[in-house]
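Accompanying notes for the structure given below.
Numbering (this note's numbering), first residue to last: 602 to 930.
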């Protein structure tokens, strides 16, 4: 009996050894196969990376040439006395700029204009999008009316505004016919109102389309469930739609903010190099500094403006992340 068990163990041991040899051979073959194909995959990946780099290279060189390098040059100019001698003066240019009266006026006017125009642009475009998203008559006509400024060149828009708000223009004719006095809209404290209206008329259509696209992407089943739970239209808008619109709010606000900082073009075409004090924007100061070849003041102002935009946009991202987190999951 013991001999039979020992023989069986010996047989099993031999079978196990044969199985181990077979497995080791298969493992070696698999290892050789993996090495061979790993080398091929590595070469393929290198080729893909090389081709991708060649495709990206023109865009990267363009960004490097026209954005990164000029920005570094601007930083350099803001820290030296002039581009020729290039003597390092530290933050003296910034200190001199902060004491400049025209810079203070330009910053105050630009921030005041943005504080008024940007919220109005966001709120009014949202209201228009909500109205056009509902079932109202003449919806396509309203949409066309607010989108028409996007198809009109800036020079033509400014020409229309000059005809309307000139001292002898159409708006004053209406005021006189109603028994009111004439107002010099472009050379008085009312000039900022004119620019705000121009900014809104020019930007409401684009913002409205963005909000309409975002409203159409909100899941309808959630709104239907809210209605079945007896939620009123205000509750549906505030607790559901605004949550889904958080990313669109951020984008529209950033684009409107950037547009408000670029309103110099319209103001310049309306009033020239030196407009009325209330619409003397930051770009006016920078444009005049460039005309005077004062690169140090111009560069310092550009750096401060960039830092301000970074802080404002970073704050907007934090706010959007706080209110849009539960929707994005």
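Backbone N, C-alpha and C fix where the C-beta goes; we use that ideal spot for every residue, glycine too.
*Report buried or exposed for residue 740, applying the criterion of at least 16 other Cβ atoms within 10 angstroms of its Cβ.*
One-based indexing of the chain shown puts residue 740 at position 139. Label assigned to residue 740: exposed.
*If residue 864 sits next to residue 882, beta carbons under 8 Å apart, how far is it from one beta carbon to the other, in whole angstroms?*
As a working mapping, residue 864 is identified with position 263 in the chain shown. As a working mapping, residue 882 is identified with position 281 in the chain shown. Right, their Cβ atoms sit about 7 Å apart.
*Going by beta carbon distance, what residues of the same chain come within less than 6 Å of residue 712, once the five residues before and after it are set aside?*
Your numbering for residue 712 matches position 111 in the chain shown. Nothing meets the Cβ criterion.
*Using the rule of at least 16 other Cβ atoms within 10 Å of the residue's Cβ for burial, across every protein chain shown, is residue 666 buried or exposed?*
Working through the chain shown from its first residue, we reach residue 666 at position 65. Residue 666 comes out exposed.
*Compute the distance between the beta-carbons of residue 879 and residue 793, then report whether it is under 7 Å.*
By one-based count along the chain shown, residue 879 stands at place 278. By one-based count along the chain shown, residue 793 stands at place 192. The answer is yes: Cβ separation under 7 Å.
*Nearest-angstrom beta carbon gap, residue 918 and residue 851 [assumed within contact, 8 Å]*: Residue 851 sits at position 250 when you count from the first residue of the chain shown. Residue 918 sits at position 317 when you count from the first residue of the chain shown. Contact flag correct, Cβ pair sits at about 7 Å.
*Any non-hydrogen atom of the ligand SAH closer than 6 Å to residue 774 Cβ*: Judged by which ligands are present, the structure shown has none, so any question about the ligand SAH falls away.
*Is it a yes or a no for the region 757 to 776 touching the region 819 to 839, going by three-plus beta-carbon pairs under 8 Å?*
Contact between the region 757 to 776 and the region 819 to 839 is absent, because fewer than three Cβ pairs lie under 8 Å.
*asked:* Which same chain residues end up closer than 7 Å to residue 678 when comparing Cβ atoms and leaving out the 5 residues on each side of it in sequence?
replied: Taking the chain shown and counting its residues from 1, the one referred to as residue 678 is at position 77. Leaving aside the five residues that flank residue 678 on each side, the residues in its chain whose CB is nearer than 7 Å to its CB run, in chain order, 684, 896, 897, 900.
*Starting from the C-beta of residue 690, find all residues in its chain whose C-beta is less than 8 Å away, skip the five residues before and the five after it, and write them out in chain order.*
Taking the first residue of the chain shown as 1, we reach residue 690 at position 89. 680, 681, 682.
*Between which two residues does the alpha helix (DSSP H) harbouring residue 837 extend?*
Taking the chain shown and counting its residues from 1, the one referred to as residue 837 is at position 236. For residue 837, the enclosing alpha helix (DSSP H) has its first and last residue at 834 to 837.
*Thinking just about the alpha-carbon of each residue, which of 894, 802, 849, 791 is nearest to the one in residue 818?*
Taking the first residue of the chain shown as position 1, residue 818 is located at position 217. Just measuring C-alpha positions, the residue of 894, 802, 849, 791 sitting nearest residue 818 is 849.
*Where does residue 690 fall in DSSP's three states?*
For the purposes of this step, residue 690 is taken as the residue at position 89 of the chain shown. Reduced to three states, the DSSP call for residue 690 is coil.
*What is the rounded straight-line gap between the Cα of residue 661 and the Cα of residue 909?*
Locating residue 661 in the chain shown gives position 60, counting from the first residue. Locating residue 909 in the chain shown gives position 308, counting from the first residue. The alpha-carbon of residue 661 is positioned some 26 Å away from that of residue 909.
*Ignore the nearest five residues each way along the sequence and tell me which others in residue 838's own chain have a CB closer than 8 Å to its CB.*
Along the chain shown, read from residue 1 onward, the residue named residue 838 stands at position 237. So the list reads 731, once near-sequence residues are dropped.
*residue 673 to residue 903, Cα distance in whole Å?*
Position 72 of the chain shown holds residue 673. Position 302 of the chain shown holds residue 903. Going from the Cα of residue 673 to the Cα of residue 903 covers about 12 Å.
_The alpha helix (DSSP H) that contains residue 740, what's its start and end?_
As a first step, residue 740 must be located in the chain shown, where it is residue number 139. Its alpha helix (DSSP H) spans residues 740 to 748.
*Please name the residue in 874, 911, 651 whose C-alpha comes closest to that of residue 893.*
Taking the chain shown and counting its residues from 1, one reaches residue 893 at position 292. Of 874, 911, 651, the residue nearest in Cα terms is 874.
*asked:* Here's the rule: buried if 16 or more other CB atoms are within 10 angstroms of the residue's CB, otherwise exposed. What is residue 694?
replied: Counting from one through the chain shown, the residue named residue 694 turns up at place 93. That one is buried.
*Excluding the 5 residues preceding and the 5 following residue 719 in the sequence, name in chain order all residues of the same chain whose CB lies nearer than 6 Å to its CB.*
Counting from one through the chain shown, the residue named residue 719 turns up at place 118. Result list for residue 719: 857, 858, 861, in chain order.
*In chain order, what residues of the same chain have a beta carbon less than 6 Å from the beta carbon of residue 706, not counting five sequence neighbours either side?*
Within the chain shown, residue 706 is the residue found at index 105, counting from 1. If we look at residue 706 and ignore the five residues flanking it on each side, its Cβ neighbours are 881.
*Note down, one range per segment and in chain order, each alpha helix (DSSP H) of at least 4 residues found wholly within the region 838 to 885.*
847 to 862, 865 to 872
*Between the Cα of residue 803 and the Cα atoms of 687, 749, 686, which residue gives the shortest distance?*
Here residue 803 is taken as the residue at index 202 of the chain shown, counted from 1. Restricting attention to 687, 749, 686, the CA atom closest to the CA of residue 803 is found in 749.
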